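Position in the sequence shown (from 1) plus 6 gives the number in the numbering used here. Cβ coordinates follow ideal geometry from the N, Cα and C atoms, glycine included. Please read these numbers as outputs of a predicted model, since none were measured by experiment.
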Amino acid sequence: MNNWCLLVSENTDKRNRALKIETTVVLGASGTVGSLVGGILAQNGIKVYFLSRSAARSQKGLERAMAQARSEVIAKQVVCGDYETLLEQACGEADWVLECVAEDMDVKRRMYEQVDRFRRDGSIVSSVTSSLVLEALSEGQSDDFRRHFLSTHFYNPPSRMLACELCGQSRTDPAVTAFMAEFLAKRLRRVVIPVKPTAGFAGNRIAFVLFARITELAAQHGVEMMDYLIGPYTGRIMAPLATLDLVGLDIHAAIIRS
């Protein structure tokens, strides 16, 4: 069933309405997280706009998603494009806008200004960030934007790791948080971890201390040796330094700074 909805109560107007997710937009779909999460959405029968700075980059993201899914069928659910030509249309249609752009406060806030201009009232906006303060990210946006804004931090690689940290901020409507928790768990089969708005959330506050130490030791013993020692033998899906390579050193640096 492609239509998935949950009836929730809106405290602001005291009327019941249906929050639903039928159409989504992934901003930054050329990146690893954006493309793989976008692929998961498509695999679950949800229409997905893959948007990035160019249609060619978005197409590369789709190719990565298809390779991970080992299926070209998901392409039927995906529309690839760039911000300039498709952002207004995509945000106007979307029930959920998933932001996966660079881990930079200014970059994200500039993107949110455009999203807020084009989105429908009641549509959900989330970021995959775990290092930037949600209150600051949404500052200056409309009240409706802030009531529907939260973080959905998918663990990497999202195609193999089922955990997803979920975090709202002071203005987030609790009904929106509850809806997303159930949607992530039931539709996307994620293990939802409610977290407080602290830098790194839960997982990265632990993992990145380990990663930082392993990075230091890799300078002495080599990357391959450290990943060999602290990889599958410790129950990890992916070895630590390979994980950093997948996530991106810019993201790693941003989380360490936070």
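* Leaving out five residues on either side along the sequence, give the residues of the same chain with a beta carbon under 8 angstroms from the beta carbon of residue 196. => The residue given as residue 196 occupies position 190 in the sequence shown. If we look at residue 196 and ignore the five residues flanking it on each side, its Cβ neighbours are 160, 168, 169, 170, 190.
* Exposed unless 16 or more other CB atoms sit within 10 angstroms - verdict on residue 154 -> Residue 154 sits at position 148 when you count from the first residue of the sequence shown. Residue 154 comes out buried.
* Cβ pair count under 8 angstroms reaching 3, the stretch 28-36 against the stretch 57-66 -> yes
* C-alpha gap between residue 136 and residue 113, whole angstroms -> Here residue 136 refers to the residue found at position 130 when the sequence shown is read from its first residue. Here residue 113 refers to the residue found at position 107 when the sequence shown is read from its first residue. Computed Cα separation, rounded: 15 angstroms.
* Asked: Are the Cβ atoms of residue 44 and residue 32 separated by less than 7 angstroms?
  -> Indexing the sequence shown from 1 puts residue 44 at position 38. Indexing the sequence shown from 1 puts residue 32 at position 26. Closer than 7 angstroms, so yes.
* To do: Quick one: grab the DSSP three-state call for residue 103.
  => By one-based count along the sequence shown, residue 103 stands at place 97. In the structure shown, residue 103 sits in a strand (DSSP, three-state: E or B).
* Asked: DSSP state of residue 26, grouped into three classes?
  -> Within the sequence shown, numbered from 1, the residue matching residue 26 stands at position 20. Strand.
* Would you give the residue range spanned by the alpha helix (DSSP H) that residue 139 belongs to? => As a working note, residue 139 is residue 133 in the sequence shown. It is not in any alpha helix (DSSP H) - residue 139 carries neither H nor E in the DSSP assignment.
* Asked: Between residue 150 and residue 65, what straight-line distance do the alpha-carbon atoms span, to the nearest angstrom?
  -> What you label residue 150 is simply residue 144 of the sequence shown in a count that begins at 1. What you label residue 65 is simply residue 59 of the sequence shown in a count that begins at 1. Taking the straight line from one Cα to the other gives about 32 angstroms.
* To do: Can you grab the Cα-Cα spacing for the pair residue 187 / residue 226, in whole Å?
  => As a working note, residue 187 is residue 181 in the sequence shown. As a working note, residue 226 is residue 220 in the sequence shown. Computed Cα separation, rounded: 43 angstroms.
* Taking only runs that begin and end inside the stretch 176-252, name each unbroken alpha helix (DSSP H) of 4 or more residues, in chain order. => 180-192, 209-227, 229-235
* What are the start and end residues of the alpha helix (DSSP H) that includes residue 67? -> Along the sequence shown, one-based indexing puts residue 67 at 61. Here the alpha helix (DSSP H) through residue 67 covers 61-75.
* Asked: In the DSSP assignment, what are the bridge partners of residue 55?
  -> Residue numbering aside, residue 55 sits at position 49 when the sequence shown is read from its first letter. In DSSP, residue 55 forms a bridge with 31, 85.
* Go ahead and label residue 180 buried or exposed: buried means 16 or more other beta carbons lie within 10 angstroms of its beta carbon, across all protein chains shown. => Residue numbering aside, residue 180 sits at position 174 when the sequence shown is read from its first letter. With fewer than 16 Cβ atoms within 10 Å of its Cβ, residue 180 is classed as exposed.
* To do: For residue 168, name the three-state secondary structure that DSSP assigns.
  => By 1-based counting over the sequence shown, the position of residue 168 is 162. Of the three classes helix, strand and coil, the one that applies to residue 168 here is coil, per DSSP.
* Opening and closing residue of the beta strand (DSSP E) in which residue 41 lies -> Here residue 41 corresponds to residue number 35 of the sequence shown, with the count starting at 1. Premise fails: residue 41 lies in the alpha helix (DSSP H), 38-49, not in any beta strand (DSSP E).
* Secondary structure of residue 157, DSSP reduced to three states -> Along the sequence shown, one-based indexing puts residue 157 at 151. Residue 157 falls in the strand class under three-state DSSP.
* Asked: Does the beta-carbon of residue 127 have 16 or more other beta-carbons within 10 angstroms, so that it is buried, or is it exposed?
  -> Counting from one through the sequence shown, the residue named residue 127 turns up at place 121. Exposed is the call here.
* Exposed or buried, what is residue 76 when buried is set at 16 or more other beta-carbons lying within 10 Å of its beta-carbon? -> For the purposes of this step, residue 76 is taken as residue 70 along the sequence shown, with counting starting at 1. Flag for residue 76 reads exposed.
* Asked: Residues bridged to residue 132 by DSSP?
  -> As a position in the sequence shown, residue 132 is number 126, starting the count at 1. 104, 156, per the DSSP bridge assignment.
* Span separating the alpha-carbon of residue 252 from that of residue 246 -> For the purposes of this step, residue 252 is identified with residue 246 of the sequence shown, where counting begins at 1. For the purposes of this step, residue 246 is identified with residue 240 of the sequence shown, where counting begins at 1. Spanning the two alpha carbons is a distance of roughly 10 angstroms.
* **residue 98 in three-state terms, based on DSSP** => Here residue 98 corresponds to residue number 92 of the sequence shown, with the count starting at 1. Helix.
* Rounded to a whole number of angstroms, what is the C-alpha to C-alpha distance between residue 28 and residue 141? -> Position 22 of the sequence shown, counted from the first residue, corresponds to residue 28. Position 135 of the sequence shown, counted from the first residue, corresponds to residue 141. The alpha-carbon atoms of residue 28 and residue 141 are separated by roughly 27 angstroms.
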